[in-house]
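Undergrad:
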Amino acid sequence: MQGSISDKTQINIESDTHGSHHEAHPDHRIFGLIVFLVAEGMIFLGLFIAYLAFRSMAPEWPPAGTPKLELMLPGINTVILLASSLVIHQADTAIKKNDVKGLQLWFGLTALMGIIFLGGQLYEYSHLEFGLRTNLFASTFYVLTGFHGLHVTVGVLLILSVLWRSRSVSEGESMKSEHYGTNNRFGVEAAEIYWHFVDVIWVILFILLYLL
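Numbering-wise, my numbering comes out as the position in the sequence shown, counting from 1, plus 569.
(1) Where does the unbroken alpha helix (DSSP H) through residue 722 begin, and where does it stop?
(2) DSSP state of residue 753, grouped into three classes?
(3) Based on Cα-Cα distance, which residue from 714, 726 and 729 lies nearest to residue 770?
(4) Whose CA, out of 753, 660 and 700, lies closest to the CA of residue 728?
(5) Have a look at residue 630 and residue 665 and give me their C-alpha separation to the nearest angstrom.
(6) Looking at residue 642: is its Cβ nearer than 8 Å to the Cβ of residue 609?
(7) Report the residue ranges of all alpha helix (DSSP H) runs contained in full by the stretch 611-652; include only those spanning at least 4 residues, in chain order.
(8) Anyone know if the C-beta pair for residue 731 and residue 757 falls short of 8 Å?
(9) Are three or more beta carbon pairs between the stretch 695-702 and the stretch 623-639 nearer than 8 Å?
(10) Around the Cβ of residue 735, are there at least 16 other Cβ atoms within 10 angstroms (buried) or fewer (exposed)?
(11) Around the Cβ of residue 717, are there at least 16 other Cβ atoms within 10 angstroms (buried) or fewer (exposed)?
(12) Please report the residue range of the alpha helix (DSSP H) in which residue 696 lies.
(13) Are three or more beta carbon pairs between the stretch 615-625 and the stretch 648-655 nearer than 8 Å?
(14) For residue 680 and residue 669, what's the separation of their Cα atoms in angstroms?
(15) Quick one: is residue 761 buried, meaning 16 or more other Cβ sit within 10 Å of its Cβ, or exposed?
(16) On a Cα-Cα basis, can you pick out the residue from 690, 723, 775 and 754 that is closest to residue 673?
(17) Residue 721: buried (16+ other C-beta within 10 angstroms of its C-beta) or exposed?
(18) Given residue 750, which residues of its chain have a CB within under 8 Å of its CB, disregarding the five upstream and five downstream residues?
(19) What distance in whole Å lies between the Cβ atoms of residue 725 and residue 616, which are believed to be in contact at a cut-off of 8 Å?
(20) Quick one: residues in its chain with C-beta nearer than 7 Å to the C-beta of residue 748, no 5 flanking neighbours on either side, listed in chain order?
(21) By the 10 Å Cβ neighbour count, where 16 or more other Cβ atoms means buried, how is residue 776 classified, buried or exposed?
Shown next as structure tokens:
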């Protein structure tokens with residue numbers, strides 16, 4: 570009797586142990602990314618508050634003599650960046666269908682649009698009639714747009730890294746299976762979430778610096 574009970578207990582323990590090996594562990598990487606972006610958002614929030622404080626205390630903003638900012642190029646850049654959010658979402662839709670070629674197409678276009686945005690920003694910098702030390706407005710303008718430009722650069726690098734890892738690698742006479750697929754798309758989702766964050770920050774910057 571005791572032997573049968575112990576045998577059943579042993580079977581249950583082995584069954585529980587065996588089942589535990591197959592339990593799906595929750596993926597906390599997206600949560601970690603969101604926490605990181607919240608921290609980055611707090612930094613931007615501090616910069617926005619400082620900018621608004623400087624503006625509210627200044628008798629005139631921008632200070633007298635500061636050349637007016639042109640709207641055409643930043644407006645075009647804004648359209649490009651917002652459109653890139655729609656493009657990168659198509660990549661996520663493609664990989665959910667295990668369409669790696671579609672992922673590569675849409676991520677490639679997103680990276681190109683990000684590079685065009687950065688090129689437009691550098692072109693604007695080269696044609697501005699004020700420098701970093703001209704006045705308080707100029708300093709905050711360069712800090713805000715430059716810090717955002719750094720985040721766009723990181724986003725482009727993330728997208729390019731996903732593209733690199735999604736390529737097929739030849740192994741002898743066969744091709745190694747692609748890194749991303751329907752059940753493995755964390756890198757794609759992380760890059761998309763980061764890119765949407767960059768876009769939202771730019772919309773706020775555009776309103777603060779160019780429209781208000």
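C-beta atoms are modelled at their ideal positions from N, C-alpha and C, and glycine is treated no differently. Because the structure is a prediction, the values reported are computed rather than measured.
TA: Let me spell this out:
(1) Reading the sequence shown from its first residue, position 153 is the one you call residue 722. From DSSP, the alpha helix (DSSP H) with residue 722 extends over 705-734.
(2) For the purposes of this step, residue 753 is identified with residue 184 of the sequence shown, where counting begins at 1. The DSSP-derived three-state label of residue 753 is strand.
(3) Residue 770 sits at position 201 when you count from the first residue of the sequence shown. Of 714, 726 and 729, the smallest CA-CA separation from residue 770 is found for 714.
(4) The residue labelled residue 728 in the question sits at position 159 within the sequence shown. For the residues 753, 660 and 700, the minimum Cα distance to residue 728 belongs to 660.
(5) Within the sequence shown, the letter at position 61 stands for residue 630. Within the sequence shown, the letter at position 96 stands for residue 665. The straight-line gap separating the alpha-carbon atoms of residue 630 and residue 665 is approximately 49 Å.
(6) Locating residue 642 in the sequence shown gives position 73, counting from the first residue. Locating residue 609 in the sequence shown gives position 40, counting from the first residue. No; because the gap between Cβ atoms is not below 8 Å, this pair is not in contact.
(7) Complete alpha helix (DSSP H) runs here, min 4: none at all.
(8) In the sequence shown, the residue the question calls residue 731 occupies position 162. In the sequence shown, the residue the question calls residue 757 occupies position 188. Closer than 8 Å, so yes.
(9) Yes: the two stretches touch, three or more of their Cβ pairs being nearer than 8 Å.
(10) Here residue 735 refers to the residue found at position 166 when the sequence shown is read from its first residue. Residue 735 should be labelled buried.
(11) In the sequence shown, the residue the question calls residue 717 occupies position 148. Counting the other Cβ atoms within 10 Å of the Cβ of residue 717 gives 16 or more, which makes it buried.
(12) One-based indexing of the sequence shown puts residue 696 at position 127. Here the alpha helix (DSSP H) through residue 696 covers 669-696.
(13) Taking a cut-off of 8 Å on C-beta distances, the stretch 615-625 does not touch the stretch 648-655, as fewer than three cross pairs fall below it.
(14) Position 111 of the sequence shown, counted from the start, is the residue given in the question as residue 680. Position 100 of the sequence shown, counted from the start, is the residue given in the question as residue 669. In a straight line, the C-alpha of residue 680 is about 16 Å away from that of residue 669.
(15) Residue mapping note: residue 761 aligns to position 192 of the sequence shown, counting from 1. Residue 761 comes out buried.
(16) As a first step, residue 673 must be located in the sequence shown, where it is residue number 104. Among 690, 723, 775 and 754, the Cα nearest to that of residue 673 belongs to 754.
(17) In the sequence shown, counting from the first residue as 1, residue 721 sits at position 152. Classification for residue 721: buried.
(18) Within the sequence shown, numbered from 1, the residue matching residue 750 stands at position 181. Excluding residues within five positions, the ones whose Cβ falls inside 8 Å are 664, 667 and 669.
(19) Translated into positions along the sequence shown, residue 616 becomes position 47. Translated into positions along the sequence shown, residue 725 becomes position 156. The pair is not a contact, with the Cβ atoms about 22 Å apart (cut-off 8 Å).
(20) Looking up residue 748 in the sequence shown gives position 179. Result list for residue 748: 734 and 735, in chain order.
(21) What you label residue 776 is simply residue 207 of the sequence shown in a count that begins at 1. Looking at its Cβ environment, which holds fewer than 16 other Cβ atoms inside 10 Å, residue 776 is exposed.
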